Each structure stands twice: as C-alpha cells, then as structure tokens.
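Participant: Just so we're aligned, residue 29 is where the sequence shown starts under our numbering, counting upward by one. Cβ atoms here follow ideal geometry from the backbone N, Cα and C, with glycine treated the same way. Quick caveat: nothing in here was measured; it's all calculated off a predicted structure. Take a look at this one; I'll ask things after.
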Amino acid sequence: MIAPSTRTANFHYAIRNLVSAAEAQERAGRSVVYLNIGDPQAYGFRPPAHVIEPVVRALRDSFTGYTHSAGLREARSAVASYATGLGSPTELEQVLITAGASEAADLVLTALVNEGDEVLLPAPGYPIYPAILNKLGAVARYYRLDEARGWQPSTEDISSLITARTRALVLINPNNPTGSITPDETTRRLLEVAARHGLLVIADEVYRELCFAKPPTAASTLAQETEVPLITLESLSKTHLVPGWRVGWMRYTHEERMSDLTRSIGRLASGRLCSPTPTQYAVRPALEGDKSFLDEFKGEIRKRRDFVVSAVSRIERLSCDIPGAAFYVMIKADDPLKRPDEEFVLDLLERTGVLVVPGSGFGAEPGQGLFRLVYLADEQVLSGVFDRISRCLEEARRR
29 MIAPSTRTAN
39 FHYAIRNLVS
49 AAEAQERAGR
59 SVVYLNIGDP
69 QAYGFRPPAH
79 VIEPVVRALR
89 DSFTGYTHSA
99 GLREARSAVA
109 SYATGLGSPT
119 ELEQVLITAG
129 ASEAADLVLT
139 ALVNEGDEVL
149 LPAPGYPIYP
159 AILNKLGAVA
169 RYYRLDEARG
179 WQPSTEDISS
189 LITARTRALV
199 LINPNNPTGS
209 ITPDETTRRL
219 LEVAARHGLL
229 VIADEVYREL
239 CFAKPPTAAS
249 TLAQETEVPL
259 ITLESLSKTH
269 LVPGWRVGWM
279 RYTHEERMSD
289 LTRSIGRLAS
299 GRLCSPTPTQ
309 YAVRPALEGD
319 KSFLDEFKGE
329 IRKRRDFVVS
339 AVSRIERLSC
349 DIPGAAFYVM
359 IKADDPLKRP
369 DEEFVLDLLE
379 RTGVLVVPGS
389 GFGAEPGQGL
399 FRLVYLADEQ
409 VLSGVFDRIS
419 RCLEEARRR
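Set out below in structure tokens:
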C-alpha cells in the first residue's frame, strides 16, 4: 500500500469537505439543496457578454498557449491601472496573474513561511488560509471577530497575538463568511500594528466590489500612509460571475520592502508555468468595461439577503447580523441538544437535505452554534429551506 504524505492529513477545507455526505444522500435517492459554496452560476447568474466575448475570440483567433508565468501583459497592465485608479500607484511588474485568489494565497504563503512560523488569521475567516498553513507546517493564530460588534476585529487582540514567529497579518475585507465590512479607521490601525512589528499584510479583497453600500477603501490605498509591505489578492470569480474560470491576481504595495519575497513568489509561479491563458483575456474588459451588470447583481442578491434576514428573525432559535457585502450570512442556532456545530450541520443535512457549512470550518468555536448559509438561491428555495430548518429545530427541542 502506497502511503500519502503526512501533510495531506492536515489539509482540511470545510466548504467542500461536507460534500461527500451530501453526495451520499443523493446516491440514496434524496435531493440536496447546496447552500455551501458561493458559485453564482450554480444559481442561474451569468457573466456579462463583454467579459465572455474576448475569451471566445481568444480561443478562436488569439494566442492561448503558455504565456509569461506572471500573466498576459495586457491583463497585468489592466490590473496595474485599476489599482492606480484606486489610489495605489502600481506598475505592471508588481502584478502577478493567478488561477484565482486561492492560488495567489498559496503562492504567497508558500514563499513566506517556514515550519513553525505563525500567521494571524480572522475567525471566522476563509478556510483556505489555515488549510495552506497546515500543509506547510506553519501555525494559524486566530484573532476573533466580535459577533456583538458586527463581526469586527480588535486591534488590541491582534497585537496580543504577535510573537517572534509571526510573519503576516491576513485581512479579509469584506469578510467571508460573515459579509461584514471593516471600517477604514480600523484598517488603518491594523496596518500601523503590522508596520510596527515588521509584518507582511495580506489583504484579501475578493468581495470589495460586492458591497451593498459604500465599499471600504482598498487596504493598498490606506497603506500609502505607512511603509507596511502589503499584497492584495483579488479575483473576477465573484464580481464577474466566473468562478470556474480561475482568474485572479496579486499586486504588491511597497514592494521595495519585500523584494526578496516577491522574487521567491515569482520563482514558485514559474514552476507552474502560468495560470490559464484564455480567461486572462477577460481581465481588461472586466476592469475597464461596463459595470451596470454588477449593480443589477447586487440589487438581486440584496433582496435575497433581506429575505434571509427576515426569515431568520421569525425563527425563535435563530439569529444573525445583517451582512454588508457578498452573498453569505453567518447564522447562530440555539440548538436545544447543544451539539457541536458540525454534528448539528450533518444532522440538518440528514433530516432536511439542506447543506450549509459549520462555523468551526471558518475558525469559530464549535460550541458557538454558527453556520454559514449562501443566499444566492431564489426566494422560493430559501423559503423552503427556512421552513425545513425551523422544523428541524422544533424536532430537536422535542427530542
């Protein structure tokens, strides 16, 4: 028997890990409502024509072989112009195109940390970060987002976690899984903490353009006030409804303070040759083209958010904060049986056919009773989902 490496046992990705249980239900002839993954296309949303057409033309007429490991020049130039327009002057050479923001995170962390090094992550937060760190033998140190304050981070909490082994601070704004938005003043203070301790800041801003009100200022723009080295991760996946295209990027702010690191990232990127070439032709039209479709998409998901928040408020044992962005809501369940959240979610799947993700999969404590629900489905589907959840909680009370 060929044994796998020990590092694979440490790699856990909660958003997909429960899918095997759902697939077992389907094999048994039961239907499942998948509310675990934020894929707009799975719920009927489609990307705009001005993003699709350049990719179709590229497949038909253009060069789609290997490109530079950092990405197509026109794509990198578009990202640099976009960042500069945000108030963060960026050169083409400070942009690297990746297979989604997840690959960008993997490249940055692999280039940055040694075994035993520590990285500060928000909890709840996106689970790809601890998964990568566990694979690398590094340590995820969680700073807690305060549910009572709308899932906001504490500068004092973060400062207290910094040790001699701390290498980076990860900011996810807007946050996945809570949909919360960190105010600019808080981000400024966090950047100052990172600068004071010589940390890299990794700013995950995949959802920054999916805010229902004014979006936060890009961290790279706020970082102009300090000399903190910062790497921004962005993607077209959610904003332009093309998650399967795997087109994202990283861009560097104050690169002169991390030039050895960015060279190492470049070496790692060259080892995978390049990210998919055809979809890189979508970057320029996406960043420079018409954004009216995005307003329509946000209007549609805002209605679904409001429906979900109202449905939660009508169920005695559920509560949630109102998400300010994206298409996720973190719901707190007062489980009569006081089960760990993963057990609660698996029982919910078994009894109702609804698949959500436990809060512990995002770094929350298992006893908090949290689960993340994707609200991209239409209101008819969501109405049925909350009817099932309500019945499930009532059955648990009777048990």
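Considering only C-alpha positions, which residue in the set S298, V311, V336, G72 is nearest to I359?
Facilitator: The residue labelled residue 359 in the question sits at position 331 within the sequence shown. Ranking the options by Cα distance to I359, first place goes to V336.
Participant: Using only the alpha-carbon positions, how far apart do P470 and D369 sit?
Facilitator: Residue numbering for the chain in the displayed model covers 29 to 427; residue 470 lies beyond these limits and cannot be assessed.
Participant: Flag this pair as touching only if the stretch 269-289 and the stretch 122-131 have three or more C-beta atom pairs under 8 Å; answer yes or no.
Facilitator: Because the criterion of three Cβ pairs below 8 Å is met, the stretch 269-289 and the stretch 122-131 touch.
Participant: So which of T206, L219, P306 has the shortest CA-CA distance to H187?
Facilitator: Position 159 of the sequence shown, counting from 1, holds the residue named residue 187. Before going further, note that residue 187 is Ser rather than His in the sequence given. When each option's Cα is compared against that of S187, the closest is L219.
Participant: Which residue wins for smallest C-alpha separation from F73, given the options Y94, E324, V373?
Facilitator: Here residue 73 is taken as the residue at index 45 of the sequence shown, counted from 1. Out of Y94, E324, V373, E324 has the C-alpha closest to the C-alpha of F73.
Participant: Drop a sphere of 10 angstroms on the beta-carbon of Q308, count the other beta-carbons inside from all chains shown, and report buried for 16 or more, exposed for fewer.
Facilitator: In the sequence shown, the residue the question calls residue 308 occupies position 280. Buried: at least 16 other Cβ atoms inside 10 Å.
Participant: On the three-state DSSP scale, how would you describe R342?
Facilitator: Taking the sequence shown and counting its residues from 1, one reaches residue 342 at position 314. It is coil, neither helix nor strand.
Participant: Of all the alpha helix (DSSP H) runs that stay within the bounds of the stretch 116-172, which reach a length of 4 or more residues?
Facilitator: Listed in chain order, they are 128-140, 156-164.
Participant: Rank H268, R295, L148, A246 by C-alpha distance to the C-alpha of R312 and give the top, closest one.
Facilitator: Along the sequence shown, one-based indexing puts residue 312 at 284. When each option's Cα is compared against that of R312, the closest is H268.
Participant: In the DSSP assignment, find the unbroken alpha helix (DSSP H) run with A314 in it and report its ends.
Facilitator: Within the sequence shown, numbered from 1, the residue matching residue 314 stands at position 286. Residues 311-316.
Participant: Fully enclosed by the stretch 282-338, which alpha helix (DSSP H) runs are 4 residues long or longer?
Facilitator: Listed in chain order, they are 287-299, 305-308, 311-316.
Participant: Would you check if the distance between the CB atom of L264 and the CB atom of I230 is smaller than 9 Å?
Facilitator: As a working note, residue 264 is residue 236 in the sequence shown. As a working note, residue 230 is residue 202 in the sequence shown. Not a contact, by the Cβ cut-off of 9 Å.
Participant: Counting only the same chain and skipping the five closest in sequence on each side, list residues whose C-beta sits under 7 Å from that of G352.
Facilitator: Taking the sequence shown and counting its residues from 1, the one referred to as residue 352 is at position 324. Excluding positions up to five away in sequence, the list reads P202, G207, S208, I209, C239, F240, A241.
Participant: Shortest alpha-carbon distance to T11 belongs to which of R195, A246, K326, G226?
Facilitator: No information on residue 11 is available, as it lies outside the stretch 29 to 427 that the chain covers here.
Participant: Would you list the residues sitting across from I209 in a DSSP beta bridge?
Facilitator: Position 181 of the sequence shown, counted from the first residue, corresponds to residue 209. According to DSSP, which records beta bridges pairwise, I209 is partnered with nothing at all.
Participant: Ignoring anything shorter than 3 residues or poking outside the stretch 178-255, list the beta strand (DSSP E) runs there in chain order.
Facilitator: Here the runs fully enclosed are 194-200, 228-232.
Participant: Quick test of your reading: P271 and Q69, contact by CB under 8 Å. State the CB separation rounded to the nearest angstrom.
Facilitator: Mapped onto the sequence shown, residue 271 falls at position 243. Mapped onto the sequence shown, residue 69 falls at position 41. With 8 Å as the limit, P271 and Q69 qualify as a contact, their Cβ atoms being about 7 Å apart.
Participant: Quick check on this structure: which residue in R177, S182, P152 has the alpha carbon closest to the alpha carbon of A168?
Facilitator: In the sequence shown, the residue the question calls residue 168 occupies position 140. The shortest C-alpha separation from A168 is found at P152.
Participant: In whole angstroms, give me the CA-to-CA distance for G317 and P304.
Facilitator: Reading the sequence shown from its first residue, position 289 is the one you call residue 317. Reading the sequence shown from its first residue, position 276 is the one you call residue 304. Straight-line Cα distance between these residues: approximately 21 Å.
Participant: Is the number of C-beta pairs between the stretch 384-391 and the stretch 140-155 that are closer than 8 Å three or more?
Facilitator: With the cut-off at 8 Å, the stretch 384-391 and the stretch 140-155 touch.
Participant: Alpha carbon to alpha carbon, what distance is there between P306 and T92?
Facilitator: Taking the sequence shown and counting its residues from 1, the one referred to as residue 92 is at position 64. Taking the sequence shown and counting its residues from 1, the one referred to as residue 306 is at position 278. Each residue's alpha carbon lies about 6 Å from the other.
Participant: Below 7 Å CB to CB, which residues in the same chain sit around L140 once its five sequence neighbours on both sides are set aside?
Facilitator: Here residue 140 refers to the residue found at position 112 of the sequence shown. So the qualifying residues of the chain are R195, A196, L228, L289.
Participant: Please state whether DSSP places S347 in a helix, a strand or coil.
Facilitator: Here residue 347 refers to the residue found at position 319 when the sequence shown is read from its first residue. DSSP places S347 in strand when its eight states are reduced to three.
Participant: Cβ atoms of E283 and T260: under 9 Å apart, would you say?
Facilitator: For the purposes of this step, residue 260 is taken as residue 232 along the sequence shown, with counting starting at 1. For the purposes of this step, residue 283 is taken as residue 255 along the sequence shown, with counting starting at 1. No, Cβ-Cβ distance for T260 and E283 is not below 9 Å.
Participant: Does the beta-carbon distance from I383 to Y94 come in below 9 Å?
Facilitator: Within the sequence shown, the letter at position 355 stands for residue 383. Within the sequence shown, the letter at position 66 stands for residue 94. It should be noted that the sequence gives Leu, not Ile, for residue 383. No; because the gap between Cβ atoms is not below 9 Å, this pair is not in contact.
Participant: Which complete beta strand (DSSP E) runs does the stretch 347-425 hold, if anything under 3 residues is left out?
Facilitator: Counting only runs of 3 or more, we get 356-361, 398-402.
Participant: Give the single residue among E407, F399, A129 whose Cα lies nearest to the Cα of P375.
Facilitator: What you label residue 375 is simply residue 347 of the sequence shown in a count that begins at 1. According to the sequence as given, residue 375 is Asp; it is not Pro. Ranking E407, F399, A129 by Cα distance to D375 puts F399 first.
Participant: Counting pairs of Cβ atoms below 8 Å between the stretch 127-143 and the stretch 96-104, do you hit three or more?
Facilitator: Flag = no, the stretch 127-143 and the stretch 96-104 do not touch.
Participant: Whole angstroms is fine: what's the gap from S97's alpha carbon to R285's?
Facilitator: Taking the first residue of the sequence shown as 1, we reach residue 97 at position 69. Taking the first residue of the sequence shown as 1, we reach residue 285 at position 257. When rounded, the distance between both Cα atoms is 23 Å.
Participant: Taking Cβ to Cβ, would you say G381 is nearer than 9 Å to Q53?
Facilitator: The count along the sequence shown starts at 1 and reaches residue 381 at position 353. The count along the sequence shown starts at 1 and reaches residue 53 at position 25. For G381 and Q53, yes; Cβs fall inside 9 Å.
Participant: For R279, list the residues DSSP reports as bridge partners.
Facilitator: Stepping through the sequence shown from its first residue, residue 279 is reached at position 251. The partner list for R279 (beta bridge, DSSP) reads V123, T260.
Participant: Based on the DSSP output, what are the partners of Y62 in its beta bridges?
Facilitator: To locate residue 62, count along the sequence shown from 1; it is residue 34. Looking at the DSSP assignment, Y62 forms a beta bridge with L383.
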